[in-house]
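The block underneath contains the structure these notes are about, expressed in C-alpha cells.
Protein chains in written order, with our numbering: chain V, 2 to 415; chain L, 2 to 415.
Here is the structure:
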C-alpha cells in the first residue's frame, strides 16, 4: 500500500517539466528519431494536481516487445485508484499511468514475430500507456479489425475482455440466465450488456444514476436508479434472485449482491470503485474501507449453494501470466465485433492535457461508456468562465476533487 | 443448531421399541397390507447408541408422491453429522435418517404421472430413507437402468450428482484442467475421479489415507497421503497450482485449498467432515469449529483471481427447489453409466441392524467407495470375540465412538 505516496510528492516535484503543455508545438510527436515524447506524469499519489503532461525519454524496445506510436488510450476507474495510491503494491511515482492503448507499430524487437511495422494494434501495458510511444511485449498486443477506429480500440480491450471473461470464464453464462450489473452505464457495464445480448433469453438488470437512464435504457432489460431500493425491485421481478451479480463497487453492496443470488449463482467482485469516491480519499480512509469489507464464511456459501469470485484482468495479465488465455478471448471478441454483435461505446475524447477533466468526469460517474485520451487531439479551449488553465491550478496546495467544476472544459462527445 | 439434542434423548427413549432387531421374522417386510415397517430410528442426537432398528408406522402416500419398497440405502458422511445434531436446523428426534435409497415402486399417488408400480427406481428423500418403505415426491425419483443393481443405485444418486454438478455446473471442468480431491477414496471422491476421466487430459490429484492407496491408485493421476505435506508435492508437479479444489473437509484445509488454486481456479467446499471426526463431537466443540472457519476476504479473491463456492446437493434439492436441474444432470449421468464410462463403487453392504458398525466404518474413514444399507440383508453374526450384540450395547451411558472395535462385525465387502 502506498503509505509513502503523500510524502514523496515534494521530492519528485522537481522532476516535472512545468512548461510542458504550454508549448506542445515544440514536441516532435511523430517521426522515429525523437528522443523524447509527451506523456501524462503522476508526480505522486494524491489529487488531480499530481497529474501533468511532460516530456519524457522515449522508451527503448526490449526483447519480445513492439514499439507502438499511440493514437488513443483508455481511461479506467482503476487509474483513479492508482492516482490515489489505493492499490496493492503501486510502483514508485513519478510514473506514467495507463494500462491500455491503440496505435500503429513503429518497430519490432529482433527475433520477435507476429507483427510488422505499420500494423494497427491495440495493447495492454503494465503502466506507461498514457504517452505518445509505448513499448510492450507482443503477448499483450492484438491486431485491430480494419473498420475499428483507434478510439474504439482503446475502448475495447480492457472492458470487453473483462466482461467476457467474467460472464463466460468465471460465471458460465447460459441461455435463460439473469445478470445484475452495477454501473451499467460504464465501459464494462455496456460491454456486459452487449455480450449478454449474444446469448438467447438473458435478462440484464442494470443499475445506474438516473440521468443516464434515457441513454442506456435500450441496452438492458430492467434499469434501476442507484439510489433506489433496487433489491426490492429486482425481487419483485425475479423472486428467486439472479444468476450472476457483477459488482465493481465494494462494501455494503457485497452483502446485497450475495443476498440477491439464486442458488448456484455467482457473485463477481471486479473492482472497488467505492474506495475512490466519496470520503475514501486518503490512505487511512481507504485502509478503513478495505478492512471493513464484509468477509464471507465458506460454510454460508455451502448452505446457500453460492459462488463468490474476484476478477482482476490486469493481475491476470501482468501477475498471473494468463496472456494466452486472454488472447483466445480476444479472438472470440473480435469475431463478435466483425459480426457487428458488439461495439465499444465511447463516451468522450480528451487531449492528454485534459486528463484531469476526464478523471473528474469518471469520478463523478458522468460517463456513458468509455473515456478516451486522444493523443493527437488539441486541448479544447476552456469555457468562458475560466481564468486559469486547469493543468496549472492548485499545484501548491492539496486540491479538493470536484472544485474544477467552475473551469470545466467541454468534452468532445463521441 | 441442535442445542436440545442431548437433553431430548431421555424423553424420547421410551418411544423406541427395544425388542426390534431380535425378532426380525415377525415383521412383514413385503406385501401391501402391513401397517408397520422396520426402520432405523435416531432417538436423539449423540453417539452410536442413539441408533436402533424399530417398527414404525408405514408412511402414507401424499399427492405427487410415489411409495417405494426400499431395497438399498446410501450412507453418507452427512448422516453422521445428522446423528450428532451437527447441522443447521435439524428436525426434532426421534427421526429416521437417510437421504437416498433405491427400490421398487409400490404405489403412485392419484394424478401423478411418470412412474408405474413395479418400476425400479432410485430416489432422494428428505430424511426417512433408512426404512423398508419410503414416500417421496416424483421430482426426486429416477428410473434405474436395467443392468444397475439396487446397491449400485443407492451408491449412485448423491455421489455422482454432487460430483457432476461441482465439476461441470459450478467449476466448468474442461480439457487439460487439473482437479484436487480430498477423500479420494470416498464415494464422492471416486465419482469425481471417474467423471474427470470422461474429459480429455484432466489431471486428478487425490488425497487419501495410506492404506487405501493400493485400491484406488488407478483411479487418480497422483495420490498423496493425507498426513504428508501434499501441498509441497502438488506444487512440485504443478507449480502453478490446480484449477479445481474439491474439499469435503473444513477448517485449515480451506486456506490450503485456496493457496493451491491457479488464477481463475475454483475452490468448492462441499462438506464439513472435520466437524464429525476427532474431538468435535459435542455441540460446543462443533460450534467452536464452525466459528473458527477461516472467512474469506472478497478483495483477496479479486487480487488473486480466485473463486470460492459452496455446494450442498441436499439443500439444492430440498431447500432451493432445483430438482429439474438435478433431473437434467441425472439424465446425463445415466447416459454415461449406460456407456459404461462411470460405475458406482460400493464399499460394503450392511443390514439395517448393522448401521452402527457401518457408521463406525465411515467415521474411521475405512471405506473405499460407498457404504450401503441393504434392507433385505440378514445381520452378519458377530465375530467370535464378542459376547453381546452391538445394537444393544451401551444404551444407558454415553458410548465413546471407537470402542466397538472389539465387537466388530465383518462387513459384506462388495
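Note that CB positions come from ideal geometry on N, CA and C, so glycine has one too.
| Check | Outcome |
| --- | --- |
| Just to confirm, are residue 77/V and residue 159/V a CB contact at a threshold of 8 Å? | yes |
| Starting from residue 329/V, trace the beta strand (DSSP E) in both directions and tell me its first and last residue. | First-last for residue 329/V: 324–339, but that is the alpha helix (DSSP H), not the beta strand (DSSP E). |
| Any contact of the segment 353–360 of chain V with the segment 48–65 of chain V, i.e. 3+ C-beta pairs under 8 Å? | yes |
| Is there at least one Cβ from chain V nearer than 8 Å to residue 286/L's Cβ? | Confidence at residue 286/L is low in this model, with a pLDDT of 48, below 50, so its placement is unreliable and no value can be given for it. |
| Residues of the segment 312–329 of chain L in Cβ contact with chain V at a cutoff of 9 Å, in chain order, please. | 312, 313, 314, 316, 317, 320, 321, 322, 323 and 326 |
| Does DSSP put residue 166/L in a helix, a strand or coil? | helix |
| Against residue 245/L, what residues of chain V qualify as contacts under a CB-to-CB distance less than 7 Å, listed in chain order? | Correct list: empty, because the minimum Cβ distance to chain V is about 13 Å. |
| Buried or exposed, going by whether 16 or more other CB atoms sit within 10 Å of the CB of residue 147/V? | exposed |
| May I have the straight-line CA-CA distance separating residue 135/V from residue 125/V, to the nearest angstrom? | 10 Å |
| From the DSSP secondary-structure annotation, give me the bridge partner or partners of residue 270/L. | 248/L and 311/L |
| With a threshold of 7 Å, establish whether the CB of residue 204/L neighbours any heavy atom of the ligand FMN. | Summarising the ligand content, the structure contains no ligands, and the ligand FMN is consequently not present. |
| Counting only runs that start and end within the segment 54–115 of chain V, where is the alpha helix (DSSP H) found for 4 or more residues in a row? | 78–85 |
| Buried or exposed: residue 368/V, going by 16 or more other Cβ atoms within 10 Å of its Cβ? | buried |
| Per DSSP, what kind of secondary structure is residue 286/L in: helix, strand or coil? | Low confidence applies to residue 286/L: its pLDDT is 48, below 50, so where it sits in the model is not reliable enough to give any reading. |
| Excluding the five sequence neighbours on either side, which residues of its own chain have a C-beta within less than 7 Å of the C-beta of residue 371/L, listed in chain order? | 75, 156, 160, 188, 345, 346, 347 and 348 |
| List the residues of chain V whose Cβ lies closer than 7 Å to the Cβ of residue 297/L, in chain order. | 296, 297 and 299 |
| Is the CB-CB distance between residue 271/L and residue 259/L below 8 Å? | no |
| Is the beta carbon of residue 200/L closer than 8 Å to that of residue 176/L? | yes |
| Kindly say whether residue 278/V, judged by its beta-carbon, lies nearer than 8 Å to any beta-carbon of chain L. | With a pLDDT of only 43 at residue 278/V, under 50, the local geometry of the prediction cannot be trusted, and no value is derived from it. |
| Starting from residue 42/V and walking both ways along the beta strand (DSSP E), at which residues does that stretch end? | 37–43 |
| For residue 154/V and residue 242/L, what's the separation of their Cα atoms in angstroms? | 34 Å |
| Flag this pair as yes or no: are the beta carbons of residue 319/V and residue 127/V separated by less than 8 Å? | yes |
| Name the one or two DSSP bridge partners that residue 209/V has. | 226/V |
| In whole angstroms, what is the alpha-carbon distance linking residue 333/V and residue 103/L? | 46 Å |
| Take residue 172/L as the anchor and find which of 120/V, 310/V, 183/V and 106/V has the nearest alpha-carbon. | 310/V |
| Just by C-beta distance, which residues in the segment 352–375 of chain V are closer than 8 Å to chain L? | none |
| Against chain L, does residue 307/V count as a neighbour if the rule is that its beta carbon must be under 8 Å from one of theirs? | yes |
| Less than 8 Å separating the beta-carbons of residue 152/L and residue 350/L? | yes |
| Cβ of residue 86/L within 8 Å of Cβ of residue 130/L? | no |
| Name the two residues that bound the continuous beta strand (DSSP E) containing residue 121/L. | 121–125 |
| Using the three-state DSSP reduction, which class does residue 220/L fall into: helix, strand or coil? | helix |
| Any residues in the segment 160–176 of chain L with a beta carbon nearer than 7 Å to a beta carbon of chain V? Which ones, in chain order? | 170, 171 and 173 |
| Mapping DSSP to helix, strand and coil, what is residue 132/L? | strand |
| To the nearest angstrom, report how far apart residue 211/L and residue 97/L are at their CA atoms. | 34 Å |
| Report, in whole angstroms, the separation of the C-beta atoms of residue 72/L and residue 105/L, which I expect to be a contact under 8 Å. | 7 Å |
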